[in-house]
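Reading through the structure tokens given below for one structure.
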Amino acid sequence: NLTDRLTSIFSGLRSKGALTEQDVEEAMREVRMSLLEADVNFRVVKDFVARVKERSIGGDVLQSLTPAQQVVKIVHEELVALLGDAAPLRLDGQPPAVIMLAGLQGSGKTTTAAKLALLLRKQKQLPLLVAADTYRPAAVDQLVYLGKQLDVPVYSEGTSSKPPVIVANALREARTAGRTVVILDTAGRLHVDNAMMEELREIGALSRPSETLLVADAMTGQDAVRVAEQFHESVSLTGLILTKVDGDARGGAALSIRQVTGVPIKFLGTSEKPDGLETFHPDRLAQRILG
Amino acid sequence: LFRRPVLDESTWDELTQLLMESDIGPSRAFRLVEHAREMVEGETLKTPVEAETALRRQLVESLGAAEPMLLEDQPGRLAVHMVGVNGSGKTTTSAKLSAYLRHRGRSTLLAAADTFRAAAIDQLQVWGERTGTDVIAGQQGSDLGAVVFDAVHAARMRGLDTVIIDTAGRLHTKTNLMDELSKLRRVATKADPDVTQVALLVLDATTGQNALMQAKRFLEAVQVDGIILTKLDGTAKGGVVFAVFEELNLPIWYVGSGEKLTDLAPFDHLAFVNALFR
Ligand SMILES: Nc1nc2c(ncn2[C@@H]2O[C@H](COP(=O)(O)OP(=O)(O)OP(=O)(O)O)[C@@H](O)[C@H]2O)c(=O)[nH]1
Ligand SMILES: Nc1nc2c(ncn2[C@@H]2O[C@H](COP(=O)(O)OP(=O)(O)OP(=O)(O)O)[C@@H](O)[C@H]2O)c(=O)[nH]1
Ligand SMILES: [Mg+2]
Ligand SMILES: [Mg+2]
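First to last, the sequence lines map onto chains A and B. Under the working numbering, the residue at position 86 of the first sequence is numbered 239, and the numbers go up by one with no gaps. Under the working numbering, the residue at position 108 of the second sequence is numbered 631, and the numbers go up by one with no gaps.
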């Protein structure tokens with residue numbers, strides 16, 4: 154791991170006497186490699202390592218008896234600072250509050266929608282799930298099935314209506330039925346598919362969500378930055394849900410997305426089951442990214 | 524990008540960034556650029572265009588050694604196991620593969636072996652209707668092996684030469700789920716002793732360095748023969764395939780580039796490398 158690699162670097166350099174700025178540069182190369190291996194975006198790593206280097210040189214690393222530990226400590230602190238604190242769901246405004254889920258194909262939106270519904274009901278809310286994906290075969294069936302499993306109502310109109318119409322009708326239904334939170338499950342889409350991004354904008358415009366959450370796969374690589382930037386530009390994200398965290402991907406994408414959009418990480422998806430949604434802890438995620 | 528006449532530090536920075544952002548992996552990216560730098564010092568490369576060309580050639584060569592016999596060219600009866608982590612595109616690709624192979628003269632059957640996820644069977648059945656392919660399904664929650672057996676047996680009885688088995692997504696970290704996969708080949712052989720079995724790992728092109736671990740684990744569990752790289756129609760470049768091929772000898776067989784039935788094609792390593800540099 155990083156501590157071991159830094160320890161061997163510094164012990165090799167130590168033998169020459171006091172540590173120099175050049176030695177810190179050598180250590181920074183290791184930090185860079187480690188973060189890149191963790192899927193943190195190349196440019197995000199550049200800026201991040203520059204900050205770590207500055208702190209390492211300005212701080213106690215050069216004089217420290219345990220420089221490797223010092224550097225790791227700085228890296229960990231900087232990761233935690235960048236990841237930010239967990240943020241709760243914002244459900245303000247006139248009920249029903251709207252949560253819109255968006256993201257690439259297969260990232261876990263439909264499953265996450267059900268997880269959110271369960272969580273909200275436990276918090277004494279009256280959620281309504283909305284099946285706004287009319288494209289993927291049996292997507293509506295998938296959400297309807299999940300809703301039944303959890304005994305949460307699902308608004309659907311099959312695949313014959315357009316998603317914006319379904320959402321508008323769902324909101325009307327939610328008001329009539331006194332639901333307090335509406336969760337919109339949208340179709341997976343590419344950030345470079347203009348028509349689909351326009352549809353997302355349209356749905357956002359008519360439903361005015363208090364939360365627009367990007368649902369992103371923890372194993373996403375370098376492209377996470379581009380995806381997040383485009384989604385953020387199109388529909389002003391308010392949060393991130395990182396899914397499939399129960400795998401062994403280091404999750405550097407979370408750092409990249411956070412750095413590039415500034416949106417807080419709200420939840421982590423940690424299993425396929427409806428209760429597989431956890432609040433995010435910056436300390437734990439930093440540890441994981443560090444490897 | 525490389526139209527400047529002078530090869531300087533910024534050329535190397537740009538090349539490193541390009542390779543890194545394609546998910547080729549840091550050690551591979553740095554090693555490739557380092558090698559190109561040496562060639563420049565040794566005077567064999569002089570301009571940015573030459574450096575880029577040298578890199579391209581090296582990448583093309585590193586994938587060129589793969590020449591898998593694709594499904595359409597395989598003789599006899601086939602059972603194709605579609606495996607991979609959650610959401611990678613297995614079900615959609617199973618449908619695409621069915622249509623693709625039928626256009627090339629094979630007769631196919633789909634096996635809905637994901638008996639776990641909500642509406643997974645429904646999803647494959649819709650695709651079955653759209654492609655005019657029979658779908659053998661079990662009950663929600665039934666055993667994966669039972670569906671595989673029934674499907675391979677049914678294909679043999681109906682005179683169909685290809686069974687495409689869509690399995691449930693599973694993270695390679697879940698040992699019980701990976702163990703479940705390991706019995707697939709044995710079950711298929713029981714249903715048809717003469718069936719040729721191919722296991723394909725459906726890998727999402729947006730996946731980062733974790734792809735290598737995924738491939739390793741699926742190779743151990745079900746002896747994956749090759750990769751189907753999906754979602755290349757996005758902006759991710761799928762550079763992880765270099766590590767997967769070089770370290771595990773797993774070549775790319777096909778590429779998925781969209782959500783339509785026709786968005787499947789054999790892997791073209793030259794086009795793939797050219798796309799990396801765009
Ligand atoms: N292990 C694990 N699997 C998950 C998690 N979240 C979702 N999944 C699985 O990932 C796969 C895709 O989930 P979906 O909810 O269908 O993803 P989606 O974003 O709605 O997909 P599209 O609508 O096609 O874009 C399914 O197999 C889910 O069970 C998670 O946190 N952990
Ligand atoms: N853009 C794009 N989307 C794709 C491609 N292949 C599959 N998809 C989409 O990815 C999403 C997930 O596809 P599925 O076929 O359900 O994936 P899966 O691996 O079967 O998912 P699980 O069974 O839940 O593990 C769907 O929205 C598909 O339409 C592709 O090549 N390009
Ligand atoms: Mg969905
Ligand atoms: Mg599937």
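Virtual Cβ for every residue (Gly too), placed ideally from N, Cα, C.
Name the chain A residues whose beta carbon is nearer than 8 Å to that of residue i?
{"i": "PRO549/B", "result": "ARG185, MET186, LEU189, GLU190"}
Answer yes or no: the CB of residue i versus the heavy atoms of ligand 2, is any distance below 7 Å?
{"i": "ARG441/A", "result": "no"}
{"i": "LYS262/A", "result": "no"}
{"i": "GLU703/B", "result": "no"}
{"i": "LYS397/A", "result": "no"}
{"i": "ASP786/B", "result": "yes"}
{"i": "VAL725/B", "result": "yes"}
{"i": "LYS754/B", "result": "yes"}
{"i": "GLY757/B", "result": "yes"}
{"i": "LEU343/A", "result": "yes"}
Leaving out the 5 sequence neighbours to the left and right, which residues in its chain are closer than 7 Å to residue i when beta-carbon positions are compared?
{"i": "SER621/B", "result": "THR631, LEU633, THR654, THR656, ILE687"}
{"i": "PRO248/A", "result": "THR333"}
{"i": "MET372/A", "result": "LYS397, GLY400, ALA402"}
In terms of residue numbering, what span does the alpha helix (DSSP H) encompassing residue i cover?
{"i": "PHE201/A", "result": "195-211"}
{"i": "LEU771/B", "result": "763-771"}
{"i": "GLN440/A", "result": "435-443"}
{"i": "PRO417/A", "result": "Unbroken run through PRO417/A: none, as it is neither H nor E."}
{"i": "GLU590/B", "result": "Note, GLU590/B: premise wrong, no alpha helix (DSSP H); not H, not E."}
Taking the straight line between their C-alpha atoms, what separation do you get for residue i and residue j?
{"i": "ALA636/B", "j": "LEU594/B", "result": "20 Å"}
{"i": "GLN302/A", "j": "ILE644/B", "result": "17 Å"}
{"i": "ARG208/A", "j": "ILE227/A", "result": "7 Å"}
{"i": "ASP399/A", "j": "ARG693/B", "result": "11 Å"}
{"i": "GLU431/A", "j": "GLY422/A", "result": "6 Å"}
{"i": "THR156/A", "j": "VAL225/A", "result": "6 Å"}
{"i": "GLN720/B", "j": "LEU707/B", "result": "10 Å"}
{"i": "ALA266/A", "j": "ARG379/A", "result": "24 Å"}
{"i": "SER519/B", "j": "VAL745/B", "result": "Nothing about residue 519/B can be reported from this structure: the residues present for chain B run from 524 to 801 only."}
{"i": "THR160/A", "j": "GLU178/A", "result": "14 Å"}
{"i": "ASP666/B", "j": "LEU353/A", "result": "39 Å"}
{"i": "LEU793/B", "j": "VAL583/B", "result": "6 Å"}
{"i": "ARG325/A", "j": "LEU279/A", "result": "15 Å"}
{"i": "VAL506/B", "j": "LYS277/A", "result": "Nothing in the structure corresponds to residue 506/B, since chain B is present only between 524 and 801."}
{"i": "ALA589/B", "j": "VAL413/A", "result": "38 Å"}
{"i": "ILE547/B", "j": "GLN375/A", "result": "10 Å"}
{"i": "LEU541/B", "j": "GLY762/B", "result": "11 Å"}
{"i": "ALA678/B", "j": "LEU282/A", "result": "40 Å"}
Does any heavy atom of ligand 1 sit closer than 7 Å to the C-beta of residue i?
{"i": "GLU425/A", "result": "yes"}
{"i": "GLN302/A", "result": "no"}
{"i": "LEU258/A", "result": "Note on identity: in this sequence residue 258/A is Gln, with Leu being the wrong assignment. Answer for GLN258/A: yes, Cβ within range of ligand 1."}
Is residue i near ligand 4, in the sense that its beta carbon is under 7 Å from a heavy atom of that ligand?
{"i": "THR484/B", "result": "The first residue shown for chain B is 524 and the last is 801, placing residue 484/B beyond what the model contains."}
{"i": "ALA577/B", "result": "no"}
{"i": "GLY692/B", "result": "yes"}
Please list, in chain order, all residues of the same chain as residue i whose beta carbon is under 6 Å from its beta carbon, the five residues on each side excluded.
{"i": "SER217/A", "result": "GLN223"}
{"i": "LEU269/A", "result": "ILE336"}
{"i": "ASP176/A", "result": "LEU166"}
{"i": "VAL658/B", "result": "LEU633, ALA635, LEU647, GLN648, GLY651"}
In chain order, what residues of the same chain have a beta carbon less than 8 Å from the beta carbon of residue i, not counting five sequence neighbours either side?
{"i": "GLY781/B", "result": "ASP756"}
{"i": "ASN797/B", "result": "ARG579"}
Starting from residue i, find everything on chain A with Cβ-Cβ shorter than 7 Å and list it in chain order.
{"i": "MET680/B", "result": "Within chain A, no residue comes near MET680/B; the closest Cβ sits about 27 Å away, beyond 7 Å."}
{"i": "LEU694/B", "result": "LYS397, ASP399, GLY400"}
Mind listing the chain B neighbours of residue i? Cutoff is C-beta to C-beta under 7 Å, in chain order.
{"i": "GLN412/A", "result": "Correct list: empty, because the minimum Cβ distance to chain B is about 15 Å."}
{"i": "LEU430/A", "result": "Those within 7 Å of LEU430/A in chain B number zero; the least Cβ separation is about 15 Å."}
Could you work out which residues of chain B lie near residue i, taking near to mean beta carbons separated by less than 8 Å?
{"i": "VAL345/A", "result": "GLY757, THR758"}
Mind checking which residues open and close the beta strand (DSSP E) that includes residue i?
{"i": "LEU605/B", "result": "Inspection of the sequence shows that residue 605/B is occupied by Met rather than by Leu. Counting along the chain, the beta strand (DSSP E) containing MET605/B begins and ends at 601-606."}
{"i": "TYR512/B", "result": "For chain B, the structure presents residues 524 to 801; residue 512/B sits outside this window and is missing."}
{"i": "ASP727/B", "result": "719-727"}
{"i": "MET142/A", "result": "Examination of residue 142/A is not possible in this model, given that chain A is present from 154 through 444 alone."}
Could you list which residues in chain B have their beta carbon closer than 9 Å to that of residue i, in chain order?
{"i": "LEU438/A", "result": "Going along chain B, no residue has its Cβ under 9 Å from LEU438/A, so there is no contact; the nearest lies around 15 Å."}
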